[in-house]
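**Q** Numbering (our numbering), first residue to last: 249 to 995.
A virtual CB, placed ideally from N, CA and C, is assigned to each residue, including glycine.
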Ligand SMILES: [Zn+2]
Ligand SMILES: [Zn+2]
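1) Please find out if some non-hydrogen atom of ligand 1 comes closer than 7 Å to the beta-carbon of residue 357.
2) What I want to know is whether the C-beta of residue 379 ends up closer than 7 Å to one or more non-hydrogen atoms of ligand 1.
3) At what residue ranges does the region 342-372 contain a whole run of the alpha helix (DSSP H), taking only runs of 4 or more?
4) With a threshold of 16 other CB atoms inside 10 Å of the CB of residue 770, please say whether the residue is buried or exposed.
5) Any chance the CB of residue 555 is under 7 Å from a heavy atom of ligand 1?
6) Can we count residue 376 as close to ligand 1, meaning its CB is less than 7 Å from some heavy atom?
7) In chain order, what are the residue ranges of uninterrupted alpha helix (DSSP H) at least 4 long that sit wholly in the region 776-810?
8) Where does the unbroken alpha helix (DSSP H) through residue 562 begin, and where does it stop?
9) Are the beta-carbon atoms of residue 996 and residue 898 separated by less than 8 Å?
10) I want to know whether the region 490-503 touches the region 540-556 - three or more CB-CB distances under 8 Å.
11) From residue 720 to residue 695, what distance separates their C-alpha atoms?
12) What residue range does the alpha helix (DSSP H) around residue 676 cover?
13) Does ligand 1 have even one heavy atom less than 7 Å from the beta-carbon of residue 398?
14) Going along the chain, which unbroken runs of the beta strand (DSSP E) with 3 or more residues stay wholly within the region 385-471?
15) Any chance you could list the residues with Cβ under 5 Å from a heavy atom of ligand 2, keeping chain order?
16) Closest to residue 983 by CA distance: which of 726, 350 and 280 is it?
17) Output the distance between the C-alpha atoms of residue 658 and residue 589, rounded to the nearest integer angstrom.
18) Where are the beta strand (DSSP E) runs, 3 residues long or more, that stay fully inside the region 523-552, in chain order?
19) Let me confirm a value: residue 689 is counted as buried when at least 16 other C-beta atoms fall within 10 Å, else exposed. Which label applies?
20) Tell me, which residues are paired with residue 645 by DSSP?
21) Following a CB-centred definition, is residue 1082 positioned closer than 7 Å to any heavy atom of ligand 1?
22) The alpha helix (DSSP H) that contains residue 269, what's its start and end?
23) Is residue 653 near ligand 1, with its Cβ less than 7 Å from a heavy atom?
24) Excluding sequence positions up to five away, which residues of its chain have a Cβ less than 6 Å from the Cβ of residue 408?
25) Apart from the five residues on each side of it in sequence, which residues of its chain come closer than 7 Å, Cβ to Cβ, to residue 886?
26) Taking all protein chains shown into account, do 16 or more other C-beta atoms lie within 10 angstroms of the C-beta of residue 810, making it buried, or fewer, making it exposed?
27) Residues in its own chain within less than 6 Å of residue 320 by CB, not counting five upstream and five downstream?
28) Within 10 Å of its beta-carbon, does residue 704 have 16 or more other beta-carbons around it, so buried, or fewer, so exposed?
29) Keeping to the same chain, check which residues put their C-beta closer than 6 Å to that of residue 673; ignore five residues upstream and five downstream.
30) Where does residue 868 land, buried or exposed, given buried means 16+ other C-beta within 10 angstroms?
31) Is the beta carbon of residue 354 within less than 7 Å of some heavy atom of ligand 1?
32) With DSSP as the reference, please indicate the residues paired to residue 842 in a beta bridge.
33) Should residue 671 be labelled buried (16 or more other beta-carbon atoms within 10 Å of its own) or exposed?
34) Given residue 843, which residues of its chain have a CB within under 8 Å of its CB, disregarding the five upstream and five downstream residues?
35) Looking at residue 436: is its Cβ nearer than 8 Å to the Cβ of residue 555?
36) Within a Cβ cutoff of 7 Å, which residues of the same chain sit near residue 574, ignoring the five residues on either side of it in sequence?
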């Protein structure tokens, strides 16, 4: 006989872990206990030695699929001669290190129940169990107990309580456990917020969508707006009330069979769609839905139902439905009922009485060479931390200006917040501050240092400066593109020197110009710029970022000087009046800002190919160029010039594009050749820098055509690293900031 004590840290609470341990312990006839601690779980078991070995083996091998161990340790202690194996009460004090689970898509067992006429949860929209259901969006505090969630408003009925108390039941300690008798309920409201239906709310909601109306639905992490995705008028109306002109809408499909009619699906994509995170997956379009769903875009952002409410609604509808976050334009997703009714101009509201604790958008992922890349990291992924090898000081990193997230570190973990948004509106800034408070509170973290971008004018920079002064914290400023590369290094466990390719729309550079086409020799502390693109002007600053034609003008001005105004490429894109103004701006150096951004080079190509002259959302130009790109092995020329760094001159590239246009070469081929040229450029600089490890980061690498080609063409001679758990776009900046900040703080 022996007794051992096992400590497990990691993601082991609220996922049916204790019942799992209870089952294997009792099967083996072992005695002792398991309890949740602030760090994870503590198990003590005693019995024959070979049975204890078997127990540990099963603990490691058969663990529930949501369990993640970050620490597993056992030691022998003296016998206590328990009579049975027990699950005992959670600890109430100690240092908090528990994991909060993300919201998890409805599991197969729960789906079976909600579509089983004989089950007590038949068509019940809030069915869940320890394998699935709401977590992060309802948790108010740790430890994870019902009283610390928004489910505390609902008292479990006798039968739910029995499940909850039975260690052999799938709902043992399922904190949000509920049934039609005791759990949350749904209501249908009219546009003014008046209740018009309770009993048949779901049936009527389905009819509303079928009739081409707009339904606002209170989902898991916030309100959503739903319309029939095949109905052009409905989609146009949705665009009007959302004040969103062309940015693509995500679509929810009832099931894979229906989805297959509209998109190209491989096994890997199916795996992503059916994963417990159940994200929006970007898929190549095969058959079109409503025309204005995603204009000029060859992808559809598709997802499958992920809550019982969505499952039941989609089952009734049997056709694809636009399912977009309930907000206006770029503001944060709405979670409050009152605000939803006053702000969202939907025809009807399908609501429920379970409060949402915090906003969590749907996540968006893409698939590149059978690897997932995360474009928006939110529901399903947040707040699981990134585990790092080094112990980190407590650091708060406030992220980038666009696609903002914040990150906060503790011990060897980095907690990345959910997608917050572009810091252009007051509402987003409010949410930003709220989420920082939320993360500090729930994980009980007191930052020792605060990290922000090097850009002096960002609202996040000013916020960080303020907090640092007030609380006497170290303030560390980090360059945007260094943060990008560092985030991707971390994503691949690289801490040595790498050649980072940081390509995106904009980031403040060392020389105070706008960078975005950078090759950086980087490690976690420092970087040096080894190559960049020949700079060109953003004529009119922000406006140039929204108008690809202004970028084209800038490029052609660099090539032809004043004569560029005589070119048809320019004359047919601007009015005479506009041309006069632009001439004056260039002549007198008014509102001209230098940039080396590859994102903008994509815009110039979008303009010269006549795809788009004015953008409706960030990245639209690049998406359109990628969307038409055809497979070709040809490319264009470029020149390299050595000054203190290598300067990549795009002039031959554009001259050859102009030539191709004159020869009426297919636009898809031109776009393909443009992509291939970028691949060649990376290869050339990589060879010159004599570094094997090439790290790709920045929004440009969301482009699957480009990233796929870099990996396949340069992968033979170099080690190419792309992102994994952290988004390549600016949403990943806060993680890079934490790592650089930690390394600078420790020096
Ligand atoms: Zn379940
Ligand atoms: Zn119940």
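**A** So, from the data block:
1) The sequence position of residue 357 within the chain shown is 109, counting from 1. Checking every heavy atom of ligand 1 against the Cβ of residue 357, one is found closer than 7 Å.
2) Residue mapping note: residue 379 aligns to position 131 of the chain shown, counting from 1. Flag set: Cβ of residue 379 near ligand 1.
3) 356-362
4) Along the chain shown, read from residue 1 onward, the residue named residue 770 stands at position 522. With 16 or more Cβ atoms within 10 Å of its Cβ, residue 770 is classed as buried.
5) Residue mapping note: residue 555 aligns to position 307 of the chain shown, counting from 1. Checking the Cβ of residue 555 against ligand 1 gives no.
6) As a working note, residue 376 is residue 128 in the chain shown. Result yes, Cβ under 7 Å from ligand 1.
7) 790-794 and 796-808
8) Here residue 562 corresponds to residue number 314 of the chain shown, with the count starting at 1. That run of the alpha helix (DSSP H) goes 556-565.
9) Nothing can be reported for residue 996: it is not among the residues displayed for the chain, which extend from 249 to 995.
10) yes
11) One-based indexing of the chain shown puts residue 720 at position 472. One-based indexing of the chain shown puts residue 695 at position 447. Whole-angstrom Cα-Cα distance: 11 Å.
12) On the chain shown, residue 676 is found 428 positions in, with the first residue counted as 1. Segment 674-690, the alpha helix (DSSP H) holding residue 676.
13) In the chain shown, residue 398 corresponds to position 150, counting from 1. Residue 398 Cβ: outside cutoff for every heavy atom of ligand 1.
14) 434-438, 443-445 and 463-466
15) 405, 408, 427, 429 and 430
16) Counting from one through the chain shown, the residue named residue 983 turns up at place 735. Cα-wise, what sits closest to residue 983 is 726.
17) The count along the chain shown starts at 1 and reaches residue 658 at position 410. The count along the chain shown starts at 1 and reaches residue 589 at position 341. Distance between the alpha carbons of residue 658 and residue 589: 39 Å.
18) 528-532 and 547-551
19) Translated into the one-based positions of the chain shown, residue 689 becomes position 441. Residue 689 comes out exposed.
20) Numbered from its first residue, the chain shown carries residue 645 at position 397. DSSP output for residue 645 lists 655 and 699 as bridge partner(s).
21) Nothing about residue 1082 can be read from this structure; the chain reaches only from 249 to 995.
22) On the chain shown, residue 269 is found 21 positions in, with the first residue counted as 1. 265-275 is the span of the alpha helix (DSSP H), which, as asked, contains residue 269.
23) As a working mapping, residue 653 is identified with position 405 in the chain shown. No, since every heavy atom of ligand 1 falls outside the 7 Å radius drawn around the Cβ of residue 653.
24) Against the chain shown, residue 408 aligns to sequence position 160. Only 425, 427 and 430 meet the Cβ criterion.
25) One-based indexing of the chain shown puts residue 886 at position 638. Excluding positions up to five away in sequence, the list reads 896, 897, 898, 900, 901, 925 and 929.
26) If you number the chain shown from 1, residue 810 lands on position 562. Its Cβ having fewer than 16 others within 10 Å, residue 810 is exposed.
27) By 1-based counting over the chain shown, the position of residue 320 is 72. Contacts found: 256.
28) In the chain shown, residue 704 corresponds to position 456, counting from 1. Residue 704 is exposed by the Cβ-count criterion.
29) Stepping through the chain shown from its first residue, residue 673 is reached at position 425. These residues qualify, in order along the chain: 579.
30) Locating residue 868 in the chain shown gives position 620, counting from the first residue. Residue 868 comes out buried.
31) Here residue 354 refers to the residue found at position 106 of the chain shown. Yes, Cβ of residue 354 sits closer than 7 Å to a heavy atom of ligand 1.
32) Taking the first residue of the chain shown as 1, we reach residue 842 at position 594. Paired residue(s): 785.
33) Position 423 of the chain shown, counted from the first residue, corresponds to residue 671. So residue 671 counts as buried.
34) As a working note, residue 843 is residue 595 in the chain shown. 754, 761, 762, 763, 764, 783, 784, 785 and 786, listed in sequence order.
35) In the chain shown, the residue the question calls residue 436 occupies position 188. In the chain shown, the residue the question calls residue 555 occupies position 307. Contact: no.
36) Counted from its first residue, the chain shown places residue 574 at position 326. The residues are 464, 470, 471, 472, 473, 581, 582, 588 and 592.
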